[in-house]
Structure formats: C-alpha cells, structure tokens
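Asks: Residue numbers (my numbering), protein chains in the order written: chain Z, 780 to 1304; chain F, -8 to 265.
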Amino acid sequence: MKTLVLLLLFTQVAVGQVSYERLLRPEAEPGNWLTYSGNYQGHRHSALKQINAANVARLRPAWIYQSRDPGKFSTSPIVVDGVLYITERPNIVTALDGRTGRPLWSYQRALPPDLRACCGAANRGLAILGDTLFLGTLDAHLVALDVRTGKLRWDVVVANYKIGYAITVAPLAVKDKVIVGVAGGEYGIRGLLDAYDAKTGARIWRFWTAPGPGEPGHETWEGESWKTGGASTWITGSYDPELNLIYWGTGNPGPDYDGDVRKGDNLYANSLVALDADTGKLKWHFQFTPHDVHDWDSCHVPVLLEGVAGGRKRKLVVEANRNGFYYALDRETGEFLSGVPFAKQTWAQGLDARGRPIRLPNTAPTPEGRVIYPGMHGGTNWFSPSYSPLTRLFYVAVREEGVTFYQAKQTYRAGEWFSAGGISGIAGVEPTGSIKALEVETSKLRWEFKLQSPPWAGLLSTAGGLVFGGSSEGFFFALDAGSGKSLWHFPTGGPIYANPISFLVEGKQYVTIAAGNALFAFALE
Amino acid sequence: MTIMILRNHLRFALLSAFLSAGMFLLLRGQGASSADDLVEGERLYQIHCAGCHGPKGEGGRGTVLATASLPRASTEGALFGVIARGIPGTEMLGARLDGQQIRQVAAWVRKLGQQPPTQIAGDARRGEQLYFGKGDCASCHMIRAQGGVSAPDLTEIGLRRGSEYLRKALLEPEADVPENFSQYRWHTVIPDNFLQVRVVTRDGRRITGSRLNEDPFSIQLRDLSGRIHSCSKSELAELRKDWGKSFMPSYRGVFSKEELDDVIAFLLSLRGAK
Chain Z
780 MKTLVLLLLF
790 TQVAVGQVSY
800 ERLLRPEAEP
810 GNWLTYSGNY
820 QGHRHSALKQ
830 INAANVARLR
840 PAWIYQSRDP
850 GKFSTSPIVV
860 DGVLYITERP
870 NIVTALDGRT
880 GRPLWSYQRA
890 LPPDLRACCG
900 AANRGLAILG
910 DTLFLGTLDA
920 HLVALDVRTG
930 KLRWDVVVAN
940 YKIGYAITVA
950 PLAVKDKVIV
960 GVAGGEYGIR
970 GLLDAYDAKT
980 GARIWRFWTA
990 PGPGEPGHET
1000 WEGESWKTGG
1010 ASTWITGSYD
1020 PELNLIYWGT
1030 GNPGPDYDGD
1040 VRKGDNLYAN
1050 SLVALDADTG
1060 KLKWHFQFTP
1070 HDVHDWDSCH
1080 VPVLLEGVAG
1090 GRKRKLVVEA
1100 NRNGFYYALD
1110 RETGEFLSGV
1120 PFAKQTWAQG
1130 LDARGRPIRL
1140 PNTAPTPEGR
1150 VIYPGMHGGT
1160 NWFSPSYSPL
1170 TRLFYVAVRE
1180 EGVTFYQAKQ
1190 TYRAGEWFSA
1200 GGISGIAGVE
1210 PTGSIKALEV
1220 ETSKLRWEFK
1230 LQSPPWAGLL
1240 STAGGLVFGG
1250 SSEGFFFALD
1260 AGSGKSLWHF
1270 PTGGPIYANP
1280 ISFLVEGKQY
1290 VTIAAGNALF
1300 AFALE
Chain F
-8 MTIMILRNHL
2 RFALLSAFLS
12 AGMFLLLRGQ
22 GASSADDLVE
32 GERLYQIHCA
42 GCHGPKGEGG
52 RGTVLATASL
62 PRASTEGALF
72 GVIARGIPGT
82 EMLGARLDGQ
92 QIRQVAAWVR
102 KLGQQPPTQI
112 AGDARRGEQL
122 YFGKGDCASC
132 HMIRAQGGVS
142 APDLTEIGLR
152 RGSEYLRKAL
162 LEPEADVPEN
172 FSQYRWHTVI
182 PDNFLQVRVV
192 TRDGRRITGS
202 RLNEDPFSIQ
212 LRDLSGRIHS
222 CSKSELAELR
232 KDWGKSFMPS
242 YRGVFSKEEL
252 DDVIAFLLSL
262 RGAK
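#1: Quick one: is the Cβ of G138/F within less than 7 Å of any heavy atom of the ligand ATP?
#2: Between which two residues does the alpha helix (DSSP H) holding Q92/F run?
#3: With 16 other CB atoms within 10 Å as the buried threshold, where does I219/F fall?
#4: Could you name the residues of chain Z that H39/F contacts, counting a contact when the two beta carbons are closer than 9 Å?
#5: For L1230/Z and A832/Z, I'd like the C-alpha separation in whole angstroms.
#6: Please list the partners that P62/F has in chain A, where partner means a Cβ-to-Cβ separation under 8 Å.
#7: Beta-carbon separation of G943/Z and R903/Z under 8 Å?
#8: Which residues, taken in chain order from the stretch 232 to 250 of chain F, show a beta carbon closer than 7 Å to some beta carbon of chain Z?
#9: Under the three-state reduction of DSSP, which class applies to R982/Z: helix, strand or coil?
#10: Would you kindly check if the distance between the Cβ of A1236/Z and the Cβ of W1249/Z is under 8 Å?
#11: Less than 8 Å between CB atoms is the rule here; does G45/F satisfy it with respect to chain Z?
#12: When you compare only the Cα positions, how much space is there between E250/F and E1209/Z?
#13: Quick one: what's got a C-beta closer than 6 Å to G104/F's C-beta in the same chain, skipping five residues either side?
#14: Checking contacts by CB at 8 Å: is G72/F closer than that to chain Z?
#15: Hey, how far is the Cα of E1098/Z from the Cα of L1054/Z?
#16: Give a yes or no on whether the minimum CB-CB distance between G1207/Z and chain F is below 8 Å.
#17: Could you work out which residue in M83/F, E205/F, G113/F, Q92/F is closest to F246/F when comparing CA atoms only?
#18: My output table needs one value for R19/F: the three-state DSSP class, helix, strand or coil.
#19: Along the chain, where does the alpha helix (DSSP H) containing I255/F start, and where does it finish?
#20: If the criterion is Cβ atoms closer than 8 Å, does the pair H1079/Z and N1100/Z meet it?
#21: With 16 as the cutoff for other CB atoms within 10 Å, does A807/Z come out buried or exposed?
#22: Which whole-angstrom value describes the C-beta separation of Q820/Z and S1017/Z, a residue pair presumed to lie in contact below a C-beta threshold of 8 Å?
#23: From I1275/Z, R1149/Z, L1022/Z, L883/Z, pick the residue whose C-alpha is nearest to that of T1176/Z; which is it?
#24: Excluding five sequence neighbours on each side, which residues of the same chain lie with their C-beta closer than 8 Å to the C-beta of P240/F?
#25: Let's test the definition: count the other Cβ atoms within 10 Å of the Cβ of S223/F and tell me whether it reaches 16, buried, or not, exposed.
#26: Would you verify that the beta carbon of G22/F is, or is not, closer than 8 Å to some beta carbon of chain Z?
#27: If we cut at 8 Å on Cβ distances, does L84/F have a partner in chain Z?
#28: Going along the chain, which residues of its own chain have a beta-carbon closer than 7 Å to the beta-carbon of E1111/Z, five neighbours each way excluded?
#29: How would you call N1141/Z, buried or exposed, if buried means at least 16 neighbouring beta carbons within 10 angstroms?
#30: Identify the continuous alpha helix (DSSP H) that holds Q37/F and give its terminal residues.
#31: Starting from S154/F, trace the alpha helix (DSSP H) both ways and give me its first and last residue.
#32: Within this structure, are the beta carbons of L145/F and M133/F separated by less than 8 Å?
#33: Per DSSP, what kind of secondary structure is D1131/Z in: helix, strand or coil?
#34: So, helix, strand or coil for T199/F, using DSSP?
#35: Since V1187/Z meets chain F, which of its residues come closer than 7 Å, beta carbon to beta carbon?
#36: Any beta carbon of chain Z sitting closer than 8 Å to that of G42/F?
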C-alpha cells in the first residue's frame, strides 16, 4: 500500500512536468510534442518513423475529437506523456487522452462581448513550462493554467482589446519566461512582443515593434504614424539557446494599403527581429518588405539550421516570406545571404546585395485597383513550413494567387478596422497552390506537389520519409519527403487551417490535424 | 463553468433582445433610404466591409454581396442583425457602428445587389413563349427550380443584370463568362461558374461537362445529359479546362431584333422566386 501511494504521488508529480531542460532537448523524447513547432528551431519535424513511406497507405483515423465551437480550428497540440493539450475556439483549452481522444478536463474563458479580433476567433496553441500551460486570449490577456486540471493560476493583461489588440499566437516558453505576441495589425495597434515571468505573470520585458521617440527605427515613420503603425507579432518565433536569441516575425504596417500616411521604411514592420531572450534588447533586424503596402506580414516561423553560405559553415535562419521570396540570413548577425522567389511575384525586380527589394514601378495599390502577385495572403502565410534534417529540405505550402489591391483614404478611430483600402480577386484567374521542397542553402526547387486551391495548412516532415500536409478542400495527405509523390490522402470533410504534429502513446505513433471543426488523429490500422 | 456558460447565454439573450428592440425601433417608421444615407452607407461600407467583401461587393475574404438575395439576411431585420452582431462561427464580426450607421450600410449592401428595373420595348409575355419555345432556353437554364441544370439559374436574373448585359449575353455568350473564385478561396466550394471541362480517362473514355467540384485528387463533373461523373485524377490521361468558354449558343440570327427585346423583357421580369 505504501508503495502504491508513493507510486501515485510520483506519477502525479511526474505528469506534465516539462522543465526548460526538456524543452531544450525534444530529440530525447520524440514521442512528445513540447512546443508549438516541436523544437526551438522551428522545424516541425518528427523523429518518429513507425509510420513511413512503405506503410502510410494503411493510415486510418484512430479517433476524432469534435470541437464545441464551430469555425476556423487552428490548434497545434502540445503533447506530454500521452496527453494532448489543445485550444478550441474562442478560448477553450482541453486536455485529451492521446489514445482515445476523450477529454480529461477543460478550461473556458469568458470573453467580453465587444471583441473585434481580426480574422476570426482563432487560436493556434499553447506553451508549457513546468506544470503550467500558457494561453494567449482574444481579449489580449496571458493566462497560466494548472496542467493537471486546467484551473487558472494567473491572468495578466498584455494589451487593451478595446483598441484592437488580440492574441491568437501560441506563446513560447524560454528559460523561466513566457514570450507572447499580439495580433491587431488591421486595427492600428502599436505592435509589441512581451516576456512574462512564468511563475508570477510579472512582465519582464517589452519590445515595441513600432519604436517610439528616441528609439532606433523611429525615424522610419513619418510624424505620428508610428502610434498606429501595426507591426503585430502573431506567429510563434524560434529560439537559439547558444546565442540566447529569440527570432520573431512582425506584421504589416498600418494602415495596410495607404502608405502615403506613413512615409518611410516603417521599421520593424514586415521584419524578423532577433532579441536577447533575457532583456528583449534588439540584437539585429532584417526587413523583408520596407514600406509594405500589400499586407505582407512576416508572419512565419523562422527556421533555424546549420548550413554553408559564402564558403563557410554558418548558423542560418531561413524563411519563405509572404512577399514571395525565400531568404537565408546569418542568424548571428542578420546578414543577408540569399533571396529568390519561390512563388509568382510581380512587384520586385529582385533583391539587392543587402536583400532590399528592387521594386518595379507602379506596384502600389490605387483607388482604381492594381493587380499584383502575390496577393494579400502572400506566397505563403502563417501556417508552418517544415525542415527535415534527414533530407535537408525546406518544405513550404505555397499560395499562387494574385489580387487587385485598392487604396482608400481612412481616418484612424480607436478600435475600428484600419486598412485604408481593400482587395478583390482577379476575374478569370483561378487561384491555386502547391507544396514545394527547396534546398535550404540554394533554394533550388527539388520537387513540387500541385494543389487545387491555395492552402491554409502547415506541414510536418517525419523520419519516416514523409511530409504531411492539408488542402483547403479538406484533404489531409502524405507525400514522399524525397520525391513529393503522393502516398496517402484522407478526406476530412472540412477545410484545413492548421498545422500537423505527431506523437507516440503506448508505442503507437499518431499524426494529428485539425480540420473542419474536428481534431483527427491517424494511426496505422 | 456551467454558471459561466449560462451567464454568457444570458448576456447573448439580453444583447439579442436589445438589438431586436433596436432594430424594430430603427426599422419602424423608417422610409426608404435617402441619397445621403446611401452616400454615407457606401463610405462606411468601404471602411468596414470592403476589405473582406470587395469594394463592389464582389466577394473576397467575405461572401459575395452583389447578389439579389443574401441567404443569411433575407429581411432587413436579419441584415441589420448580421451587421450588428456578425455571424457566429465565421469571420464575420459585428461592426462597431451605431444603429443609424448600420442602417446606412445595410441600404448600400442592398443596393450593391440590385439593378433597377429596366424599361424595354419588348413584350415579356411573348418573350416567355420564345424562352420556352423557339429559344429552348429551359433545356439548360432553370427558373424557380424548373428547367435544365447545365447553365446558370435565371430565377433572379432581372435583379442581377441589366438589359444591355443580357442582350450581349444572348448574342455573344462568351463575352463575359462569370468566373469569380472569391468564395472558392475561402469556402472550398467551387462557385456556380459552369466551367467546361473535358477529361479523357486512361481507359479511353471521354467526358465533357461542367465542373461541380475539384480537389488535388479528384474532380466531379455533370455532363450535358445531367449525369454526374466522379473521376480520380490519377486515372485521367487528360484534363482540360476551357476557361471563358460557354455551352450556350449565340442567338444572333435565331431571334429577330423584336424577339430579342421580348426575351430580354421576360428575363428582366424574373426578380425572385416569389
């Protein structure tokens, strides 16, 4: 009896205890999925290989969890020791038994009725540290939940939702801190990235992505335009423990389509910023689209890897950007190394030696409308790419879609939509998409798998030689990681706006994807 | 948790009641929208709605509004409610506008989808006879759920199109083949655009028809006899899409000028199911 009690106590303490050391070494426990991207490097790669190219044709649904709130379901689960922690719309957190999909507990946040979150009540996932889960909320709070029960530990205000701030991003736990960004680039917010003490919720640092007077970069905003400059931070970044740098993408400047009212480069919008994890101080930045007028947020998971560039081995950060170019940067210094188009683009002649785009004339939106590729949703978007250390390929879901961009005049009013223009589709041109495999250093296209329509689903590569992805028509599929050949697909019956992950329970590998209003878990039959 | 949910439901019920009462007061006694209302409605529409629904209501992130009937807003009260509260479970959020502004936006939204009745010399009754007789239009087109399925439904064509558009469509059917992929981008449903598709299967079968749906792995067609075909792309030797093509023949030389006027008058009289 004594032994049993001790064992139970041990189990209770052990379950859900995810130390920073565990987050540093996810490769030691490939059956779990401990961060948004599976590792700090943003790889979204699983070392599991039970499901592989030879047997993936036998993949079948093992269980399906129906979400309670209909709408865009974009969760990327955290998996710890057989339990999945997912977010459901609008701000529900549910723990699921990984073997059966049965819910174990649930947390539901009461939200104010006057929310104005851009783009639907989406949430992309959680962070975990110790025995605490972290959720960013639509009313721009950060909350900490007990991983065993979902009970609230603390709740802090990140920003004021009444003026357009919201949080849809999965936070990132680093050391003893929780890093969280904000959405709201279409409401004239002033972008920020915050770090909070994981134990207490006290704010440790804040980095303003639209710098104020006296801060470097402030001179790139005309007049008072920085105050409503956008540059949101709505997709989870990456982290290099050796350099102690956090890499985070930033959104479009506000208002989106009328650049006349915010002349200048508008730093640090449309950029990748490298921040000291302890202080939030800017180490370097790289702006992909200076003075953006096409809503091309740099809303991408930065992918960290080692590679050769300029004849020597370097620490790289690579990114396929919404503006249609694939970039490789030195992640120690931010030095631009290479950049080439990976999707159709009609706005730039190319990039100069420092990576700055050489714009073609007459590409800005006009009141009459102007057709540009890529469209507002970009050559790719927030959904995750994947990098396989086995194939050394960068996999990205590509949107081939131009739009007509319109410019309008608009006066900022706090809390109101502030885009100063809009878009419409191009008559007679059917948008499409593909999954592309690029060589990481050269960006050379290794293979392409055509999609019918532009995707909204991210990718997962596995040591089983597979790349999992999803289509907007609701097909979840597996491709051969080396050739792009289609090996398996399953019609989920609902559009996919989510990223896949993989995990192991009782020796069985599962792959999950949220599709329609349900979370699907697949395993070999 | 239960209390929280009940509280939310109560809040929603109270909000609904408030908005319903507001709608009643706003709609009651309100006459037709003034020109000023429409001007303000268009201004507000461009700020609050055009980003998703397109500057002309042609759709984009949001659904097409330049249409005669809005399924979720068949009445003025319903339209007011959609603008005020949004549509739960979608990206349509409630607009931060006061009641007067919502009414102005609603008036503009209705205007986006309505062509004013056009006066034309033709006789609609004779046109109806030509439609069903000499023109044989009903073998392809449908009116009030009666007729063919291989061409667009014409039940509301009088609200959607003017006389000159219809005249051109009858004489040059391929002059403007509607291909709006806006909904397709977001809702994964192929729009009702009657894209002509020709496929050849690996075993040599040839099928020509309108595309009903398509995904990376399969395509569904309806042939001219109305039969539905579902094809796996891996089993196709050829898949050809004839963009800008129409199955419709030109009626130039088929209808006289007077007959053309009569048919157009009939089409303009088609203004909904009721």
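Built from N, CA and C at the ideal position, the CB exists for glycine as well. From a predicted model like this one, the values you see are computed outputs, not experimental measurements.
Replies: Let's see:
#1: Absence of the ligand ATP from the depicted structure is noted, as is the absence of any ligand whatsoever, leaving it without description.
#2: In the DSSP assignment, Q92/F falls within the alpha helix (DSSP H) that extends over 90 to 103.
#3: I219/F is exposed by the Cβ-count criterion.
#4: E1195, W1196
#5: 20 Å
#6: Here the protein chains are Z and F, and chain A is not one of them.
#7: no
#8: W234, G235
#9: strand
#10: What sits at residue 1249/Z in the sequence shown is Gly, not Trp. Yes, these two residues count as a Cβ contact at 8 Å.
#11: yes
#12: 37 Å
#13: A57, T58, A59
#14: no
#15: 17 Å
#16: yes
#17: G113/F
#18: Model confidence at R19/F stands at a pLDDT of 35, short of 50, so the residue's coordinates are unreliable; what they give is reported in the following sentence. Note: R19/F maps to coil in three-state DSSP.
#19: Here the alpha helix (DSSP H) through I255/F covers 248 to 259.
#20: yes
#21: exposed
#22: 6 Å
#23: Residue identity differs from the one stated: residue 1176/Z is Ala in this sequence, not Thr. A1176/Z has its Cα closest to that of I1275/Z, out of I1275/Z, R1149/Z, L1022/Z, L883/Z.
#24: P164
#25: With a 10 Å radius around the Cβ and a threshold of 16 neighbouring Cβ atoms, S223/F comes out exposed.
#26: Residue confidence for G22/F is low, a pLDDT of 47 falling below 50, so the modelled location carries little weight and cannot support an answer.
#27: yes
#28: L1022, K1094
#29: exposed
#30: 26 to 39
#31: 154 to 162
#32: yes
#33: Three-state DSSP puts D1131/Z in coil, outside helix and strand.
#34: Taken through DSSP and simplified to helix, strand or coil, T199/F comes out as strand.
#35: For clarity, residue 1187/Z is Ala in the given sequence; the question names Val instead. Chain F residues near A1187/Z: Q37.
#36: With its beta carbon less than 8 Å from one in chain Z, G42/F belongs to the interface.
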